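Protein chains: 2
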Amino acid sequence: MRKDAVHNRERLLRAARELFADRGLDVPLEEIARSAGVSIGTLYNRFPTRDALVEAVFADRVAAVAELAEQALAADNAWEGFVAFLTGVCELQATDLGYNDLAARTAGLDADRGYSLMQEIFGRAQRAGDLRADVTLADMAFVVWGVAATIRATCKTAPGAWRRHLALSLDGLRAIAAGPLPAPPMSTAQTRAAMQKC
Amino acid sequence: MRKDAVHNRERLLRAARELFADRGLDVPLEEIARSAGVSIGTLYNRFPTRDALVEAVFADRVAAVAELAEQALAADNAWEGFVAFLTGVCELQATDLGYNDLAARTAGLDADRGYSLMQEIFGRAQRAGDLRADVTLADMAFVVWGVAATIRATCKTAPGAWRRHLALSLDGLRAIAAGPLPAPPMSTAQTRAAMQKC
DNA sequence: TCTCAACTTGAGGGGGATCTCAACTTATGG
DNA sequence: CCATAAGTTGAGATCCCCCTCAAGTTGAGA
Chain A
1 MRKDAVHNRE
11 RLLRAARELF
21 ADRGLDVPLE
31 EIARSAGVSI
41 GTLYNRFPTR
51 DALVEAVFAD
61 RVAAVAELAE
71 QALAADNAWE
81 GFVAFLTGVC
91 ELQATDLGYN
101 DLAARTAGLD
111 ADRGYSLMQE
121 IFGRAQRAGD
131 LRADVTLADM
141 AFVVWGVAAT
151 IRATCKTAPG
161 AWRRHLALSL
171 DGLRAIAAGP
181 LPAPPMSTAQ
191 TRAAMQKC
Chain B
1 MRKDAVHNRE
11 RLLRAARELF
21 ADRGLDVPLE
31 EIARSAGVSI
41 GTLYNRFPTR
51 DALVEAVFAD
61 RVAAVAELAE
71 QALAADNAWE
81 GFVAFLTGVC
91 ELQATDLGYN
101 DLAARTAGLD
111 ADRGYSLMQE
121 IFGRAQRAGD
131 LRADVTLADM
141 AFVVWGVAAT
151 IRATCKTAPG
161 AWRRHLALSL
171 DGLRAIAAGP
181 LPAPPMSTAQ
191 TRAAMQKC
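Which chain is which? The protein sequence lines are A and B, in order. For the record, in the first sequence the residue sitting at position 71 is 71 according to the UniProt record's numbering, with numbers rising by one throughout. For the record, in the second sequence the residue sitting at position 102 is 102 according to the UniProt record's numbering, with numbers rising by one throughout.
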């Protein structure tokens, strides 16, 4: 790849990162190109589809989540690790509207290594008796979707509000709080399908 | 108003109600007109803006929510009334994607009479000691936003899943479950602003 | 320095939605 | 039955976004 091409690629990634973070994933591609100081044609040369650009921009997040997961597992207290992990993921979403859009449709479910780590965090909190026994990993999607919606609604006007929402959700996940659940957990296929619809 | 105009208005409302329910509020207006068997021009004659059409279609929901609220207040048990009310609102959202889009931005906060009824349901459950003391009416927005997001994601693939989400959220609202909350409740102004951003 | 593949450019075609308006049709009261 | 105000129509203007490609430009190796 030629030097100028590399340079333009980087400028595009920087511009996309910033615009995605501010306004979500559906920023016009022309605007990204303009903001990067290149033409729309160049953007299409480097990233043939919007998804390719999105993937390149957020590639590092997979690792960030895995990092969070490892820290969570390193915690002494299983429940505190669980809380820290979910808080970390939501923080990522809160500081980047683009990732907020994205997390709702991936939610760690694709990330090979990330998924098994999440299972471990989840299972450990459950075995410790703090996380209620009648929930599944699939139920975490409710937390992510819910907090994501709150972040979208409030990030400009009440920046910390999602923490309150998350805290309420977590209280509902504690064994202490467990009441009967009216529906079976979603199957993996249902969860996957639902995520793609975001 | 001429007889045929009344007739067309009704056909438009029926078509819009159905399409909104199936696919949400952003159905193309041309499609609504076509489905009603009139031209796009007629639609604009009867409803100068999309909002006017939406408002006309969902006018009855305000009353439906008030009705739910009254039933909730009639319940013997304050907490059960509270649960029944939120369940009812979510059911309305689940059976109508259009109302689902809408509820997130109105959530009863406009409805003069509905609002005071909600306050009463909420306060009663709190005074009874079942609803945790550290939440505000504004926190109900989290439930509505969250469940609405789950409904949107799952309505086609896991139709009952939102009930599970709602149950978990409600468990988090019970006094038994109360843990410390990390942020102050949203002010009325913040809540209102956030709703308009949906 | 020369050459050529790699790269950039931006006008323009295409699609889809919103909204308008001049020409046409029809209900209704007299 | 007529006059006319009320209503309908749909082509097309406008806007916004996506994507392509022929023409022009530039980096890098020979």
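Using N, Cα and C, we set each Cβ at its ideal position, and we do this for glycine too. Quick caveat: nothing in here was measured; it's all calculated off a predicted structure.
Please report whether the beta-carbon of residue i lies at a distance below 7 Å from any beta-carbon of chain A.
i: residue 198 of chain B; result: yes
i: residue 134 of chain B; result: no
i: residue 158 of chain B; result: yes
i: residue 63 of chain B; result: no
i: residue 149 of chain B; result: yes
i: residue 35 of chain B; result: no
i: residue 168 of chain B; result: yes
i: residue 130 of chain B; result: no
i: residue 164 of chain B; result: yes
i: residue 126 of chain B; result: no
i: residue 194 of chain B; result: yes
i: residue 177 of chain B; result: yes
i: residue 88 of chain B; result: no
i: residue 24 of chain B; result: no
i: residue 161 of chain B; result: yes
i: residue 41 of chain B; result: no
i: residue 4 of chain B; result: no
Rounded to the nearest angstrom, what separates residue i and residue j at their Cα positions?
i: residue 24 of chain B; j: residue 158 of chain A; result: 27 Å
i: residue 19 of chain B; j: residue 114 of chain B; result: 27 Å
i: residue 126 of chain A; j: residue 117 of chain A; result: 14 Å
i: residue 179 of chain A; j: residue 191 of chain A; result: 23 Å
i: residue 151 of chain B; j: residue 196 of chain B; result: 20 Å
i: residue 101 of chain A; j: residue 27 of chain A; result: 12 Å
i: residue 7 of chain B; j: residue 67 of chain B; result: 29 Å
i: residue 121 of chain B; j: residue 177 of chain B; result: 20 Å
i: residue 65 of chain B; j: residue 156 of chain A; result: 29 Å
i: residue 71 of chain B; j: residue 161 of chain A; result: 31 Å
i: residue 84 of chain A; j: residue 69 of chain A; result: 9 Å
i: residue 80 of chain B; j: residue 189 of chain A; result: 33 Å
i: residue 163 of chain B; j: residue 163 of chain A; result: 23 Å
i: residue 129 of chain B; j: residue 75 of chain A; result: 35 Å
i: residue 140 of chain A; j: residue 147 of chain A; result: 11 Å
i: residue 63 of chain A; j: residue 59 of chain B; result: 48 Å
i: residue 5 of chain A; j: residue 38 of chain A; result: 11 Å
i: residue 88 of chain A; j: residue 48 of chain B; result: 46 Å
Mind reading off the beta-carbon distance from residue i to residue j? Whole number of angstroms is fine, and I expect it under 8 Å.
i: residue 175 of chain A; j: residue 132 of chain A; result: 5 Å
i: residue 11 of chain A; j: residue 36 of chain A; result: 4 Å
i: residue 137 of chain A; j: residue 119 of chain A; result: 6 Å
If we define contact as Cβ-Cβ less than 7 Å, is residue i a contact residue for chain B?
i: residue 142 of chain A; result: yes
i: residue 118 of chain A; result: no
i: residue 182 of chain A; result: yes
i: residue 81 of chain A; result: no
i: residue 51 of chain A; result: no
i: residue 154 of chain A; result: yes
i: residue 101 of chain A; result: no
i: residue 1 of chain A; result: no
i: residue 96 of chain A; result: no
i: residue 190 of chain A; result: yes
i: residue 76 of chain A; result: no
For residue i versus residue j, is the C-beta distance shorter than 7 Å?
i: residue 168 of chain B; j: residue 172 of chain A; result: yes
i: residue 145 of chain B; j: residue 149 of chain A; result: yes
i: residue 16 of chain B; j: residue 53 of chain B; result: yes
i: residue 56 of chain B; j: residue 43 of chain B; result: no
i: residue 153 of chain A; j: residue 194 of chain B; result: yes
i: residue 46 of chain B; j: residue 14 of chain B; result: no
i: residue 31 of chain B; j: residue 40 of chain B; result: no
i: residue 142 of chain B; j: residue 165 of chain A; result: yes
i: residue 61 of chain B; j: residue 99 of chain B; result: yes
i: residue 134 of chain B; j: residue 181 of chain B; result: yes
i: residue 198 of chain B; j: residue 124 of chain B; result: no
message: So, does the segment 176–190 of chain A touch the segment 87–98 of chain A, judging by three or more C-beta pairs under 8 Å?
response: Result no; under three Cβ-Cβ pairs closer than 8 Å.
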